[in-house]
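For reference, the structure is listed below as structure tokens.
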Amino acid sequence: MHTPIYFDYNATTPIDPRVLEGMLPYLHNHFGNPSSTYSIGYRTKEAIEMARKDIANLIGVEDGNVFFTSGGSEANSTILKGIAAKSSKKKHIITSSIEHPAILKTCDYLRKHHGFQITTIPVNSAGIVDVNDIERAMTSQTVLVTVMMVNNEIGSIQPIKEIGNLCKKHNIHFHCDAVQAVGKIPVNLKELPIDSLSMSAHKIYGPKGVGCLYLREGVNIPPLILGGSQEFGMRSGTENVAGIVGFGIAAKIVQEDLYFNLTKIEYLRNLFLTNLHTEIEDCLINGDIHANVPSTINIQFSGIRGESLASMLNELGFCVSIASACSSTSSKLSHVLKAIGRTDDEIRSSIRISIGALTTEDEVNQLVRHLKHSVVRLRSFSPKYQIPV
Amino acid sequence: MFNDIICDHFMNPRNIGELTDADYVIEISNPICGDTVHMYLKLNQEVISDVAYRAYGCSTSIATASIVSEKIVGMSKTEISSITRSNVVEWLGELEPSQLHCVDIALNILNQCANPTKKKFEQKEFLIEGEGAF
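These protein sequences, in sequence, are chains A and B. Quick note: the first sequence uses this note's numbering, first residue 294, plus one each step. Quick note: the second sequence uses this note's numbering, first residue 1457, plus one each step.
Here it is, written out as structure tokens:
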């Protein structure tokens, strides 16, 4: 079987060979526990601190404010539950309707089990929150605003600077889930008033199972995991040394390659869209291409199901993602596409294509060719699509 | 993912299309997931002599329509009515939980094939999960 052609970089990314190479010594020779006081322990501790510096440098913060976690979800849970645990009086959180489940489900947990009131701000048809809506939702009880930087399904970029300024003005903690932003667009916290931010290594060509939470100086929250007081007491548990080392190398590489990749991916996105609209009828972009990161393209193809299209593409050797799980008994449709006003049928007919640093022009051309073949074929099966005369 | 039977029938569905001289048509729709099958039947003395269909839905439901269409050609209405859920489960092969609703799609198609009444597509009939015909 041929190696599949990968168009799902928002789901995860292949590990960069330089990252893997850098990690390997920490999976065998350098096995010491970073908390140990002898030399092999000290060596791994040093490696962790080097990675912390590289990651801090990537987002423009001091390294002492970066805390390693098992990934983006843990980072999000740590800050949301931490803020909630500290807030005995104020019980109101503002979020957006297009957040990742790591945020939405934690908010729902805080509502159900800790009496928090959650205000979910809608988005416009481009998938962007209105800062005025957030200000209107703020009350004297608001303790936290949490809005993602870039949406994972449609790629819409949120007005983070404006939201941060607003939160600063009202003295409300602003958390930003930047898992889909880091490595795709410049994220410089020297210019962005963000109180906490979460990141994940495997979205930036690093290993799975490691991420981090940035906390602005002065933000104090209780840890989610207690124990041996690793990560300055913020996250107990023996460190995932190899993972952290890989994360650090990946951060350094994406920082160096950011503008090159951004330009290249924008070119490939434009090539894809030009070919798509030339070759395939009755397809529509979900969201606004001009308000998105260029790496994410969410498209609906009328008359067919995204699931069957993705399956056919998989059989032909391409990996793409779908906007609805296949289920006949429950509605598992994308909450993001719903939030931008798509109908159930439109959501079912949508797929997500995400481009990454390794995508080539030839792969994009191949994808369009096989996409056309699959769409035409599935439409010829479908009683819901009338072939234009 | 898909078993080999589903994969084969999804990538190469048998009998796909329409019959202009169909004796009967059947229509299966699921209001929740949107799966739809429009099937055309040609009968010769109570025996299915030809079948065609168009299907909209997940890959497993498209494959299911293909599998059923292949099985019923040459069967009498009585033979079709004797087909059981376990027969269908065997035809479709091992399914993942999210694909199990296709057993009901197959049973619903078979139920209508055993007692076809419609001459043309008139109204939608919604499949009720877990209430297979047999």
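Where is the CB? At the ideal position from N, CA and C, for every residue including glycine.
Alpha-carbon spacing of residue 645(A) relative to residue 473(A), whole angstroms: Reading the first sequence from its first residue, position 352 is the one you call residue 645(A). Reading the first sequence from its first residue, position 180 is the one you call residue 473(A). Whole-angstrom Cα-Cα distance: 14 Å.
Taking Cβ-Cβ distances shorter than 8 Å, what residues in chain B pair up with residue 677(A)? Stepping through the first sequence from its first residue, residue 677(A) is reached at position 384. Correct list: 1492, 1512.
According to DSSP, residue 1483(B) sits in a beta bridge with which residue or residues? As a working note, residue 1483(B) is residue 27 in the second sequence. Partner(s): 1494(B).
Along the alpha helix (DSSP H) that carries residue 1545(B), what are the first and last residues, could you check? For the purposes of this step, residue 1545(B) is taken as the residue at position 89 of the second sequence. Residue 1545(B) -> alpha helix (DSSP H) spans 1541-1548.
Taking the alpha helix (DSSP H) that residue 343(A) falls in, what are its first and last residues? Indexing the first sequence from 1 puts residue 343(A) at position 50. Where residue 343(A) is concerned, the enclosing alpha helix (DSSP H) stretches over 332-352.
Output needed for residue 508(A): all residues of its chain with C-beta closer than 8 Å, excluding positions within five of it in sequence on either side, in chain order. As a working note, residue 508(A) is residue 215 in the first sequence. Around residue 508(A): 358, 360, 372, 488, 489, 514, 527.
Could you tell me which whole alpha helix (DSSP H) segments of length 4 or greater appear in the segment 439-470 of chain A? 453-462
For residue 1515(B) and chain A, any beta-carbon pair shorter than 7 Å? Translated into positions along the second sequence, residue 1515(B) becomes position 59. Residue 1515(B) counts as touching chain A.
In whole angstroms, what separates the C-alpha of residue 622(A) from that of residue 1470(B)? Here residue 622(A) refers to the residue found at position 329 when the first sequence is read from its first residue. Here residue 1470(B) refers to the residue found at position 14 when the second sequence is read from its first residue. Low local confidence applies: a pLDDT of 49 at residue 622(A) is under 50, so the model's placement there is unreliable, and no value is given.
Using the beta-carbon count (16 or more within 10 Å), is residue 1487(B) buried or exposed? Taking the second sequence and counting its residues from 1, the one referred to as residue 1487(B) is at position 31. Answer is exposed; the Cβ neighbour count stays below 16.
So is the beta-carbon of residue 1564(B) under 6 Å away from any non-hydrogen atom of the ligand GTP? Questions concerning the ligand GTP fall outside what the structure shown contains, since it holds no ligand whatsoever.
Taking 7 Å as the threshold (beta carbon to beta carbon), is residue 600(A) in contact with chain B? By one-based count along the first sequence, residue 600(A) stands at place 307. So yes, residue 600(A) belongs to the interface.
What residues from chain A crowd round residue 1469(B), counting only those whose CB sits closer than 9 Å? As a working note, residue 1469(B) is residue 13 in the second sequence. 674, listed in chain order.
Between the Cα of residue 663(A) and the Cα atoms of 565(A), 350(A), 458(A), 390(A), which residue gives the shortest distance? Looking up residue 663(A) in the first sequence gives position 370. Here the closest residue by C-alpha is 565(A).
Does residue 1472(B) get closer than 7 Å to chain A when you measure Cβ to Cβ? Taking the second sequence and counting its residues from 1, the one referred to as residue 1472(B) is at position 16. For residue 1472(B), the answer is yes, since a Cβ of chain A falls inside 7 Å of its Cβ.
Alpha helix (DSSP H) segment containing residue 668(A), residue limits: As a working mapping, residue 668(A) is identified with position 375 in the first sequence. Start and end: 654-674.
Between 538(A), 345(A), 377(A), 648(A), which has its C-alpha nearest residue 304(A)'s C-alpha? In the first sequence, the residue the question calls residue 304(A) occupies position 11. Residue 304(A) has its Cα closest to that of 648(A), out of 538(A), 345(A), 377(A), 648(A).
Take the Cβ of residue 262(A) as the centre, count every other Cβ of all protein chains shown within 10 Å, and call the residue buried at 16 or more, exposed below. No information on residue 262(A) is available, as it lies outside the stretch 294 to 682 that chain A covers here.
8 Å CB neighbourhood of residue 404(A) in its chain, flanking five on each side removed: As a first step, residue 404(A) must be located in the first sequence, where it is residue number 111. The answer, listed in chain order, is 410, 411.
Hey, is residue 647(A)'s beta-carbon within less than 7 Å of any beta-carbon in chain B? Working through the first sequence from its first residue, we reach residue 647(A) at position 354. By this cut-off, residue 647(A) is not an interface position.
Does any residue of chain B have a CB that is nearer than 7 Å to the CB of residue 489(A)? Locating residue 489(A) in the first sequence gives position 196, where the first residue counts as 1. False, the Cβ-Cβ gap to chain B never drops below 7 Å.
Length of the line joining the Cα atoms of residue 376(A) and residue 342(A): Stepping through the first sequence from its first residue, residue 376(A) is reached at position 83. Stepping through the first sequence from its first residue, residue 342(A) is reached at position 49. Each residue's alpha carbon lies about 26 Å from the other.
Between which two residues does the alpha helix (DSSP H) containing residue 552(A) stretch? Here residue 552(A) refers to the residue found at position 259 when the first sequence is read from its first residue. Unbroken alpha helix (DSSP H) run through residue 552(A): 534-572.
With a cut-off of 8 Å, do at least 3 Cβ pairs link the segment 1528-1543 of chain B to the segment 1558-1570 of chain B? yes
Can you grab the Cα-Cα spacing for the pair residue 498(A) / residue 448(A), in whole Å? By one-based count along the first sequence, residue 498(A) stands at place 205. By one-based count along the first sequence, residue 448(A) stands at place 155. Computed Cα separation, rounded: 18 Å.
Mind listing which residues of the segment 637-665 of chain A have their C-beta closer than 8 Å to chain B's C-betas, in chain order? 637, 638, 641
Within chain B, partners of residue 604(A) - CB distance below 8 Å: Mapped onto the first sequence, residue 604(A) falls at position 311. Result: 1458, 1466, 1514, 1515.
Could you give the DSSP three-state label for residue 1514(B): helix, strand or coil? In the second sequence, residue 1514(B) corresponds to position 58, counting from 1. DSSP places residue 1514(B) in coil when its eight states are reduced to three.
Please identify the residue among 1574(B), 1543(B), 1555(B) whose C-alpha is closest to the C-alpha of residue 1563(B). Taking the first residue of the second sequence as 1, we reach residue 1563(B) at position 107. Considering only alpha carbons, the answer is 1543(B).
CB-CB under 6 Å to residue 594(A), same chain, minus the five flanking residues each way: which ones, in chain order? Numbered from its first residue, the first sequence carries residue 594(A) at position 301. Same-chain partners within the cutoff: 576, 642, 668.
Where residue 478(A) and residue 551(A) are concerned, what is the direct C-alpha to C-alpha distance, given to the nearest angstrom? Position 185 of the first sequence, counting from 1, holds the residue named residue 478(A). Position 258 of the first sequence, counting from 1, holds the residue named residue 551(A). Looking at the two C-alpha atoms, the distance is approximately 7 Å.
Is it true that the segment 556-565 of chain A meets the segment 321-337 of chain A, where meeting means three or more beta-carbon pairs spaced less than 8 Å apart? no
For residue 397(A), the first and last residue of its enclosing beta strand (DSSP E): Here residue 397(A) refers to the residue found at position 104 of the first sequence. Per DSSP, residue 397(A) belongs to no beta strand (DSSP E); it is in the alpha helix (DSSP H), 394-407.
Return the residue from the list 500(A), 636(A), 363(A) that minimises the CA-CA distance to residue 311(A). Stepping through the first sequence from its first residue, residue 311(A) is reached at position 18. Residue 500(A) is the option with its Cα nearest to residue 311(A).
When the Cα atoms are used, what is the spatial distance from residue 390(A) to residue 545(A)? Locating residue 390(A) in the first sequence gives position 97, where the first residue counts as 1. Locating residue 545(A) in the first sequence gives position 252, where the first residue counts as 1. So the two alpha carbons sit approximately 32 Å from each other.
Tell me which residue opens and which closes the alpha helix (DSSP H) that residue 360(A) is part of. Taking the first residue of the first sequence as position 1, residue 360(A) is located at position 67. No alpha helix (DSSP H) contains residue 360(A), which is instead part of the beta strand (DSSP E) from 359-362.
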